[in-house]
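**Q** Structure provided below as structure tokens; questions to follow.
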Amino acid sequence: MMKPQNLDITLIEADLPLWMKQARRSVDWGVLVVMFFSLLLAWAFFLQEGLPDNNATQNYAYMAYNYRESLREGVIYPRWSAPAVYGYGAPIPNYYPPGAPYTAAALDLLFFDDTLLAVRMVYALSLITAGVMTYVFVMRWAGAGAGVIAALLYVYSPYVGLTVPHVIGDLPDIMALALLPAVLWAANRVLLLNHSMDAIWLAGLFAALILTDIPFAILTGGLAIILMCITPANRGRYILLSMAMLCGVGLASIYWLPAWLEHGLVRWQPPAYEPLPASITLSGLFAPLRRIDLNAQINHPQITLGYLGISFSLLAALAVYQLRRWKQGVFLFIGVVLLLICLWTQQIWVMGGAVFCLSVGGSAALSLCEQLLKTQHRVILPLLLLGILALSFPAWLSPRWEADLDTLDPATQINYEIEGLGVAALPPGADLPLTLNEPITPSTTLITGYQTGQVIRIPPARLTGDRQANLLFSRTHSDRYQVSTRSLTRFDVLRAYAPGWYATLNNRQVSLDPDPQTGLMVVTIPEATTNANLEINYGSTPQRDLARFISLTSLLLILLFTVIRLLRDETRVFYDDVQLLLVEDARLLGLICAGFGLVILLFVVPGAPYTLYPRSGAGLDGYIGVRARTDVGMEMLAFQVHSGADYHVGDDVMVTLAWRASRRLLQNYRVQVYLVDADAPQTSPRWRITSARYPGGYPTHRWITGEYVLDPHRISTATIPPGDYRIAVILTYCNPTCPPESKVNFFSSSGEFIGERLVLPVRLNVQ
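Pasting the structure below:
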């Protein structure tokens with residue numbers, strides 16, 4: 183009898199059927215690793231209540247609140263902001279991208295019933311999505327390890343992890359930074375896999391990006407074209423990618439087409455104030471990222487790559503040269519080109535595309551390290567991950583904020599505007615699409631109605647026994663009254679007129695026109711009208727009808743194409759042959775993730791027993807103390823001249839002032855700086871005086887007592903005579919003009935009167 187022999191059966195992956203390959207596939211641990219690290223980066227949005235009120239986040243929260251109220255009333259696509267312009271309203275949603283506020287409003291309605299929480303979740307989900315989509319994009323052609331590196335380089339970069347969500351507070355930008363890798367992921371799938379649903383994914387994601395940020399969508403479209411050029415595929419897939427992106431443009435036409443065609447139907451009013459522009463310099467791009475000082479009220483954006491971006495870009499460049507990683511090399515080159523465009527145009531948003539491309543290219547550093555350390559292959563990825571966390575250290579020290587912003591209702595928005603801060607539902611620096619004529623006088627009746635919750639837009643004081651109008655309801659996009667008249671009557675309506683508004687009386691259209699003097703609505707009611715229903719609605723225009731037709735047609739085309747492909751490919755089995763992260767590697771990365779989470783809990787979150795934040799006031803290190811007081815509650819603490827003491831005619835003097843409010847400031851003050859003769863500073867003429875603006879680019883009425891505000895200035899020395907000069911500072915109350923008698927007086931720390939001109943104790947020589 184023969185003994186059974188042990189057979190050595192080895193399964194060759196390439197020879198297995200697709201269903202068996204799918205059954206043998208393990209969990210994609212890389213997605214989970216990136217998700218948890220991105221979640222830890224977003225800790226501030228989970229562990230803090232409310233929202234900060236020192237950046238544009240609060241304005242997007244107001245915008246999201248207005249969208250939510252319109253959605254509650256059944257308006258699917260809001261195009262009117264009712265509380266804007268003292269409650270008269272303005273077509274802000276018709277001209278500004280709806281993607282970010284609409285997303286927050288939808289989350290608010292569906293899940294949270296809290297607009298502030300919904301906005302925080304949009305920030306957090308955007309950071310998580312940015313990391314995950316970067317991972318799946320890179321993983322398909324460079325492996326899971328490179329995908330993890332690229333994702334963490336991206337989300338832990340100073341620009342993505344700190345500047346956009348916490349310093350600038352740009353909700354659309356952080357969503358665009360998440361949609362950028364998502365669009366390229368979908369485009370890559372169309373080129374490499376061409377599954378049934380890939381085209382509709384690409385069209386939908388590209389449409390979402392257009393609805394969020396058009397310039398960023400144009401940049402992403404360019405990157406998709408470059409990706410198409412460097413990815414081998416047949417001509418049919420190139421055509422499919424192009425058609426899917428065109429469908430995305432068509433889907434988003436519901437926003438961009440009316441905004442473009444109706445651009446000239448409004449008057450674009452400059453903002454009440456503009457925040458200080460972030461300067462992009464070559465030296466600044468390579469400067470280390472500074473830690474957030476919790477005692478600083480305003481954190482000015484620092485546009486830098488930090489140690490993280492610089493080190494991994496250099497390693498990747500060496501890897502591209504040594505190992506011929508050309509695809510990552512192309513992204514590295516594009517990132518450098520976009521950095522140069524940033525420097526040339528001073529457009530900060532381009533930095534997002536540059537950081538993404540450098541992160542994708544930077545993932546080539548993994549290949550270089552694996553080549554150099556062949557015997558230590560298992561520890562290379564964990565070591566690089568530790569390096570990313572260490573080099574990005576200041577980026578995950580998020581600012582802290584008090585939950586002061588707790589109400590977003592229309593009365594609060596109108597009060598925001600009365601304080602001279604601009605329209606609440608627009609970020610600082612954004613122009614207002616206005617249809618009213620100036621001067622605009624706030625209506626006490628309208629403001630009182632918003633405060634009491636009963637908004638009456640036909641003033642009762644103008645009604646008589648022969649002309650009656652009783653309010654039935656007032657909504658964001660419509661009003662209804664019961665009217666009675668004996669003769670032909672014109673009712674003044676406290677709403678701004680704009681194309682799209684119309685009025686009906688018992689479902690029959692009546693005349694609704696703008697008042698030629700104010701721009702408010704005037705509705706004409708025929709004689710002998712008794713208890714008729716007057717409805718005033720914000721509806722459509724020919725331009726919006728055209729946009730709706732194009733958008734619906736694009737949707738039907740992409741849906742029809744997808745259904746046909748699903749039916750055709752019903753029996754086809756798809757298998758993505760990608761290199762996933764090994765379980766052994768995932769365990770090591772999981773340990774690092776747990777350790778990093780412990781660091782966040784012990785050193786970073788509010789109430790932590792230890793801290794990695796700098797000491798209070800560390801941002802003033804290197805400044806020269808002044809401690810000059812004023813008679814209105816403002817103090818100058820210190821100053822710093824960044825450009826030395828010797829200049830040639832034409833050079834710029836760079837000086838930063840440090841202010842503080844010793845008590846709550848009742849007014850908004852503006853600051854000006856200029857040069858005076860060093861030997862007669864109090865009587866000298868003013869040389870090269872700067873324009874009046876808010877100190878630090880932030881209204882002083884909103885300053886918090888005890889926190890300091892840094893206020894950078896640039897003074898030109900062009901056309902001034904050579905000689906010795908000193909820097910003088912004046913403060914003025916402007917409402918809106920700045921009369922000479924409204925200047926603020928300065929006093930020394932001991933109470934000695936200085937005057938309205940504060941001369942800094944520094945001597946500058948101009949040759």
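If you read the sequence shown in my numbering, its first letter stands for residue 183, the second for the next number, and so on. Note that the Cβ used here is the ideal one computed from N, Cα and C, for glycine as well.
Can you pull the DSSP bridge partners for VAL911?
**A** Paired residue(s): VAL855, LEU940.
**Q** Report the partner residues of LEU687 according to the DSSP bridge assignment.
**A** According to DSSP, LEU687 bridges with ARG690, LEU716.
**Q** Our contact map puts ALA434 next to PHE398 with C-beta atoms below 8 angstroms; I'd like the distance itself, whole angstroms only.
**A** About 13 angstroms; that fails the 8 angstroms criterion.
**Q** Is PHE785 helix, strand or coil by DSSP?
**A** In this structure, PHE785 counts as helix in the three-state DSSP scheme.
**Q** Less than 8 angstroms between the CB atoms is what I'm expecting for GLY517 and LEU540, so what's the real figure, rounded?
**A** With 8 angstroms as the limit, GLY517 and LEU540 qualify as a contact, their Cβ atoms being about 4 angstroms apart.
**Q** Could you tell me the alpha carbon to alpha carbon distance between LEU428 and MET836, rounded to whole angstroms?
**A** Roughly 48 angstroms separates the two Cα atoms.
**Q** Under DSSP, the alpha helix (DSSP H) around PRO615 begins and ends at which residues?
**A** Not the alpha helix (DSSP H): PRO615 falls in the beta strand (DSSP E), residues 614–616.
**Q** Can you give me the C-alpha to C-alpha distance between VAL342 and ALA406, rounded to a whole angstrom?
**A** Their Cα atoms are separated by approximately 21 angstroms.
**Q** How many Å lie between LEU566 and LEU223 at the Cα?
**A** Each residue's alpha carbon lies about 17 angstroms from the other.
**Q** Using the three-state DSSP reduction, which class does THR700 fall into: helix, strand or coil?
**A** DSSP places THR700 in coil when its eight states are reduced to three.
**Q** Where in the segment 341–394 do unbroken runs of the alpha helix (DSSP H), each at least 4 residues long, occur, reported from the N-terminal end onward?
**A** With a minimum length of 4 residues, the continuous alpha helix (DSSP H) runs that stay inside the segment 341–394 are 353–374, 380–394.
**Q** Which complete alpha helix (DSSP H) runs does the segment 393–429 hold, if anything under 4 residues is left out?
**A** Taking only runs of at least 4 residues, the alpha helix (DSSP H) segments lying wholly in the segment 393–429 are 396–412.
**Q** Measuring alpha carbon to alpha carbon, tell me which of TYR663, VAL320, ALA360 ends up nearest ASP674.
**A** For ASP674, the nearest C-alpha among the options comes from TYR663.
**Q** Quick check: the segment 682–691 against the segment 625–634, are there 3 or more CB pairs under 8 angstroms?
**A** No: the two stretches stay apart, fewer than three of their Cβ pairs being nearer than 8 angstroms.
**Q** Looking only at its chain, what residues have a beta carbon closer than 7 angstroms to the beta carbon of GLU552, apart from the 5 residues adjacent to it on each side?
**A** Around GLU552: HIS559, ILE562.
**Q** Quick one: what's GLN650 bridged to in DSSP?
**A** Note: GLN650 sits in a beta bridge opposite SER666.
**Q** May I have the straight-line CA-CA distance separating PRO609 from ARG809, to the nearest angstrom?
**A** Cα to Cα, the separation comes out at about 33 angstroms.
**Q** Which residues share a DSSP beta bridge with MET816?
**A** Note: MET816 sits in a beta bridge opposite ALA843.
**Q** Can you tell me whether PHE731 is helix, strand or coil according to DSSP?
**A** Note: PHE731 maps to helix in three-state DSSP.
**Q** To which residues of the same chain is LEU497 closer than 7 angstroms at the C-beta, ignoring the five residues directly before and after it?
**A** Once the five neighbours on either side are set aside, the close Cβ partners of LEU497 are ALA547, LEU550.
**Q** Taking just the CA atoms, how far does PHE821 sit from ALA900?
**A** Their backbone Cα atoms lie some 23 angstroms apart in a straight line.
**Q** List the residues that DSSP assigns as beta-bridge partners of PRO894.
**A** DSSP lists THR838 as partners of PRO894.
**Q** Run the CB neighbour count on LYS503, radius 10 Å, all protein chains shown included, and call it buried at 16 or more, exposed below.
**A** According to the sequence shown, residue 503 is Tyr rather than Lys. Exposed is the call here.
**Q** Excluding five sequence neighbours on each side, which residues of the same chain lie with their C-beta closer than 6 angstroms to the C-beta of GLU923?
**A** Same-chain partners within the cutoff: there are none.
**Q** Let's test the definition: count the other Cβ atoms within 10 Å of the Cβ of ALA205 and tell me whether it reaches 16, buried, or not, exposed.
**A** With a pLDDT of only 47 at ALA205, under the threshold of 50, the placement of this residue in the model should not be trusted, and no figure is reported.
**Q** Is ALA478 helix, strand or coil by DSSP?
**A** Strand, per DSSP.
**Q** Which stretch, first to last residue, makes up the beta strand (DSSP E) that contains THR671?
**A** Note, THR671: beta strand (DSSP E), 671–678.
**Q** Exposed or buried, what is TRP683 when buried is set at 16 or more other beta-carbons lying within 10 Å of its beta-carbon?
**A** Under this definition TRP683 is a buried residue.
**Q** Classify GLU255: buried if its beta carbon has 16 or more other beta carbons within 10 angstroms, exposed otherwise.
**A** That one is exposed.
**Q** Identify the residues that DSSP records as bridge partners of ASN947: which are they?
**A** ASN947 is bridged to ASP828, ASP906.
**Q** Does the distance from the C-beta atom of PRO914 to that of TYR851 stay below 8 angstroms?
**A** In the sequence under discussion, the amino acid at residue 914 is Thr, which differs from the Pro named in the question. Going by C-beta atoms, THR914 is nearer than 8 angstroms to TYR851.
**Q** Determine the closest residue to ALA246 out of ARG846, TYR278, LEU361, ALA585, with distance taken between C-alpha atoms.
**A** Minimum Cα distance to ALA246 is reached at TYR278.
**Q** Go through its chain and collect everything with a Cβ distance to ILE291's Cβ below 8 angstroms, but skip five positions before and after it.
**A** A quick correction: the sequence has Leu, not Ile, at residue 291. If we look at LEU291 and ignore the five residues flanking it on each side, its Cβ neighbours are ARG250, LEU253, ARG254.
**Q** Please classify VAL209: is it buried, with 16 or more other beta-carbons within 10 angstroms of its beta-carbon, or exposed?
**A** By the neighbour-count rule (16 or more Cβ atoms within 10 Å), VAL209 is not buried but exposed.
**Q** Which of the three DSSP states, helix, strand or coil, is assigned to TRP450?
**A** The answer is strand: DSSP assigns TRP450 an E or B state.
**Q** Within 10 angstroms of the Cβ of GLU817, are there 16 or more other Cβ atoms? Answer buried if so, exposed if not.
**A** That one is buried.
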